[in-house]
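What follows is a single structure, written as structure tokens, with notes after it.
Number of protein chains: 2
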Amino acid sequence: MVGKSQIKFIKSLQQKKYRNQHRMFVVEGIKTVQELLDSSFEPHKVYAIAEGTITTDQIDIELISEPDLLRMSSLKNPNKVLGVFKFPEIKTIKDQGWILALDDVRDPGNLGTIIRLCDWFGIKQLVCSENTVDCYNPKVLQATMGSITRVDIVYTDLIQFIKASSLPVYGTFMDGADVHTEKMPEKGILVMGNEANGISKAIENLVDQKISIPQFGSRETESLNVATATAIFLNEIRRVGK
Amino acid sequence: MVGKSQIKFIKSLQQKKYRNQHRMFVVEGIKTVQELLDSSFEPHKVYAIAEGTITTDQIDIELISEPDLLRMSSLKNPNKVLGVFKFPEIKTIKDQGWILALDDVRDPGNLGTIIRLCDWFGIKQLVCSENTVDCYNPKVLQATMGSITRVDIVYTDLIQFIKASSLPVYGTFMDGADVHTEKMPEKGILVMGNEANGISKAIENLVDQKISIPQFGSRETESLNVATATAIFLNEIRRVGK
């Protein structure tokens with residue numbers, strides 16, 4: 005039986021405020037918890053409803069009842085295992101390879117999808133503005149499918165970060181140069197903007213090259229969603245020289 | 005004041021069964037309702053909470069109270085306008101240009117995003133297997149943002165459809181040829197599979213060319229989500245000759 009205070013603690017980690025206070029976050033489901041255990045993330049507690057659902061020699065797994073799991077879970081149908089992990093050490097972003105920078109992406113599903121895309125395309129560094137949704141938000145973690153273990157994510161003042169970097173800065177704008185014909189360098193910073201407002205004026209002023217995905221349909225069409233646009237731009241970046 | 009039976013009728017259209025029975029569907033929000041009114045879709049009823057929110061000479065707009073709108077809406081925060089539209093006439097798919105075919109895509113958000121992508125990339129014909137989520141599902145309509153007016157969508161037996169077509173059939177598989185180097189023709193059918201199981205065996209047997217998006221990250225990475233993968237493939241198709 006899990007104590008009330010423990011359940012309260014784990015539930016509190018659904019909120020960013022308490023995650024930042026304790027520097028811990030919660031991950032659910034056999035596959036994702038196992039991926040985190042197999043990565044450099046450090047576990048604080050791992051709960052499972054049966055033995056053998058998960059394997060690790062890093063920590064003792066605490067067996068709990070299904071009702072207790074349901075009580076600490078943020079999901080309607082929890083998946084057998086729940087882990088509490090410590091925040092990784094804050095990484096320093098290096099001026100190497102392509103870096104993806106997010107200027108206030110707010111939707112957890114979009115951020116989760118974007119982290120998964122970084123993992124697929126081998127983008128190792130993701131820099132988020134301070135108002136971008138927290139990557140340890142349970143909905144983000146659910147959408148990343150363990151990719152978070154393979155991408156270094158840093159929250160920082162994006163303006164200062166870009167000013168301090170020597171890499172060329174690419175930003176996505178409706179009136180940018182056609183990404184199909186624009187020659188992309190081997191390294192740089194790609195900035196993607198907020199769902200409703202795109203890239204902010206302050207960041208726009210720091211962009212060296214505006215790029216866009218050409219439109220083949222009617223003019224009335226809404227711009228692409230930030231996650232699908234990121235998919236296309238990362239694919240284009242990796243296409244270089246082919 | 006809107007009668008109870010009218011509210012009951014509109015609520016019933018949240019279910020596929022009743023949509024198919026009445027051959028009508030519901031759209032919400034000023035922008036999307038206006039786009040449908042400006043398209044070839046035929047309105048059955050349009051409700052608004054104030055005059056001037058929407059303009060059309062096709063039909064009289066019925067002014068209703070906010071509580072009545074809330075009662076008929078599927079949204080927590082309805083957006084001023086609700087329209088009931090008739091199903092369009094069933095289209096015949098022609099063997100021209102690129103056709104996107106979906107083999108049991110189940111998630112409404114994915115289908116909505118895919119319709120929006122078709123619109124952006126000028127894919128005019130979308131063929132869905134009978135088990136693909138209904139395109140008049142409220143969650144799909146919310147995600148399409150009006151794009152549904154510019155893409156012809158047909159639900160049919162996908163196996164029969166592919167067999168009857170003379171177009172080359174491209175299917176997406178993890179072990180397919182690299183889409184970056186594969187030369188894509190000017191027309192064809194692109195098949196995208198189910199979220200969990202990919203393309204079914206029966207359809208796989210009809211595929212002329214398997215293609216894939218090359219992976220640049222670690223091998224452990226989950227495959228891309230069907231909507232982001234569709235974004236990349238449609239972009240690649242339109243890149244031909246550039």
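Residue numbers (my numbering), protein chains in the order written: chain A, 5 to 246; chain B, 5 to 246. Idealized CB from N, CA, C, for every residue including glycine.
Rounded distance between the beta-carbons of residue j and residue i, thought under 8 Å
i	j	result
Asn145 (chain B)	Val37 (chain B)	Looking at the sequence itself, residue 145 (chain B) is Leu, so the reference to Asn does not match. Rounded, the Cβ-Cβ distance is 10 Å, inconsistent with contact.
Cys132 (chain B)	Leu171 (chain B)	Between Leu171 (chain B) and Cys132 (chain B) the Cβ distance is about 17 Å, and since that is not below 8 Å, they are no contact.
Trp102 (chain A)	Gln219 (chain B)	Their Cβ separation, rounded to whole angstroms, is 15 Å, which puts Trp102 (chain A) and Gln219 (chain B) out of contact at 8 Å.
Ala147 (chain A)	Pro92 (chain A)	Ala147 (chain A) to Pro92 (chain A), Cβ: 19 Å. No contact.
Ser151 (chain B)	Arg120 (chain B)	5 Å
Ala231 (chain A)	Thr60 (chain B)	Actually they do not touch by this definition, with Cβ atoms about 34 Å apart.
Pro47 (chain B)	Phe89 (chain B)	6 Å
Ser78 (chain B)	Gln18 (chain B)	5 Å
Ile193 (chain A)	Ile166 (chain A)	7 Å
Gln62 (chain B)	Leu41 (chain B)	6 Å
Contacts around residue i, its chain only, beta-carbon distance under 7 Å, and the 5 residues preceding and following it disregarded
i	result
Ser282 (chain B)	The structure shown has nothing for residue 282 (chain B), since chain B only spans 5 to 246.
Tyr22 (chain B)	Ser16
Glu55 (chain A)	Leu67
Lys191 (chain B)	Gln100, Gly101, Trp102 and Leu171
Val183 (chain B)	Ile215, Ser216, Ile217, Phe237 and Glu240
Ser227 (chain B)	Met178
Asn201 (chain A)	none
Lys12 (chain B)	none
Pro82 (chain B)	Glu32, Leu73 and Leu74
Pro189 (chain A)	Pro172
Thr14 (chain A)	Per the sequence shown, residue 14 (chain A) should be read as Ile rather than Thr. Val30, Met76 and Val88.
Asp161 (chain B)	Glu134
Thr96 (chain A)	none
Enclosing beta strand (DSSP E) for residue i [first to last residue]
i	result
Leu194 (chain B)	Gly192 to Met196
His48 (chain B)	Pro47 to Ala52
Lys90 (chain A)	Val85 to Lys90
Ser216 (chain A)	Gln213 to Ser216
Ser133 (chain A)	Gln129 to Ser133
Glu66 (chain B)	Ile65 to Leu67
Met178 (chain A)	Val173 to Asp182
Cutoff 8 Å; reference residue i; Cβ partners in own chain excluding five residues on either side
i	result
Thr136 (chain A)	Leu106, Asp107, Asp108, Val109, Arg110, Leu115 and Tyr159
Asp179 (chain B)	Lys214 and Ser216
Lys246 (chain B)	For Lys246 (chain B), the predicted model reports a pLDDT of 42, less than 50, meaning its position is unreliable and no value from the coordinates is stated.
Glu199 (chain A)	Val109, Arg110, Asp111, Asn114, Asn229 and Val230
Ile163 (chain A)	Ala206, Ile207 and Leu210
Asn24 (chain B)	none
Ile118 (chain B)	Leu104, Leu106, Val109, Leu130, Met196, Val230, Ala231 and Thr234
Phe45 (chain B)	Phe89, Lys90, Pro92 and Thr153
Val155 (chain B)	Ile119, Cys122, Asp123, Ile127, Lys128, Gln129 and Leu130
Endpoints, the alpha helix (DSSP H) within which residue i is located
i	result
Met76 (chain A)	Glu70 to Met76
Pro142 (chain B)	Pro142 to Thr148
Asp99 (chain B)	Unbroken run through Asp99 (chain B): none, as it is neither H nor E.
Phe237 (chain B)	Val230 to Arg242
Val158 (chain A)	It is not in any alpha helix (DSSP H) - Val158 (chain A) instead sits in the beta strand (DSSP E) that spans Asp156 to Thr160.
Leu258 (chain B)	Nothing can be reported for residue 258 (chain B), as the shown portion of chain B is limited to 5 through 246.
Ala206 (chain B)	Lys205 to Glu208
6 Å Cβ shell around residue i - same chain, five flanking residues per side excluded
i	result
Ala181 (chain B)	Ile215
Val85 (chain B)	Ile34, Val37, Ala52, Thr57 and Ile58
Ile157 (chain A)	Leu130 and Cys139
Gly197 (chain A)	Asp107 and Ile203
Val211 (chain B)	Val173 and Gly175
Leu238 (chain A)	Leu121 and Phe125
Ser6 (chain A)	Per the sequence shown, residue 6 (chain A) should be read as Val rather than Ser. Same-chain partners within the cutoff: Ile68 and Asp72.
Lys20 (chain A)	Asp138
Glu186 (chain A)	Ile215
Any non-hydrogen atom of the ligand NAP closer than 7 Å to residue i Cβ
i	result
Thr153 (chain B)	The ligand NAP is not among the ligands present in this structure, which contains no ligands whatsoever.
Closer than 7 Å, Cβ to Cβ, to anything on chain A: give me those residues from the segment 117-130 of chain B, in chain order.
-> Taking a C-beta cut-off of 7 Å against chain A, the contacting residues of the segment 117-130 of chain B are Thr117, Arg120, Leu121, Asp123, Trp124, Phe125 and Gly126, listed in chain order.
The segment 176-195 of chain B: positions lying closer than 7 Å to chain A by Cβ | From the segment 176-195 of chain B, only His184 and Thr185 have a Cβ closer than 7 Å to chain A.
Selection of the segment 228-246 of chain A by Cβ proximity to chain B, strictly under 7 Å = Residues passing the 7 Å Cβ filter: Leu228, Asn229, Ala231, Thr232, Ala235, Ile236, Asn239, Arg242, Arg243 and Lys246.
Contact list for the segment 22-39 of chain A against chain B, Cβ threshold 8 Å = Under the 8 Å Cβ criterion, the segment 22-39 of chain A contributes Glu39.
Mind listing which residues of the segment 133-159 of chain A have their C-beta closer than 8 Å to chain B's C-betas, in chain order?
-> Residues passing the 8 Å Cβ filter: Met149, Gly150, Ser151 and Arg154.
Determine which residues of the segment 214-225 of chain B have a Cβ less than 8 Å from any Cβ of chain A, and write them out in chain order.
-> Listed by position along the chain: Ile217, Pro218, Gln219, Phe220, Gly221, Ser222, Glu224 and Thr225.
Counting only runs of 4+ residues fully inside the segment 6-39 of chain B, write out the alpha helix (DSSP H) ranges in chain order.
-> With a minimum length of 4 residues, the continuous alpha helix (DSSP H) runs that stay inside the segment 6-39 of chain B are 8-16 and 20-26.
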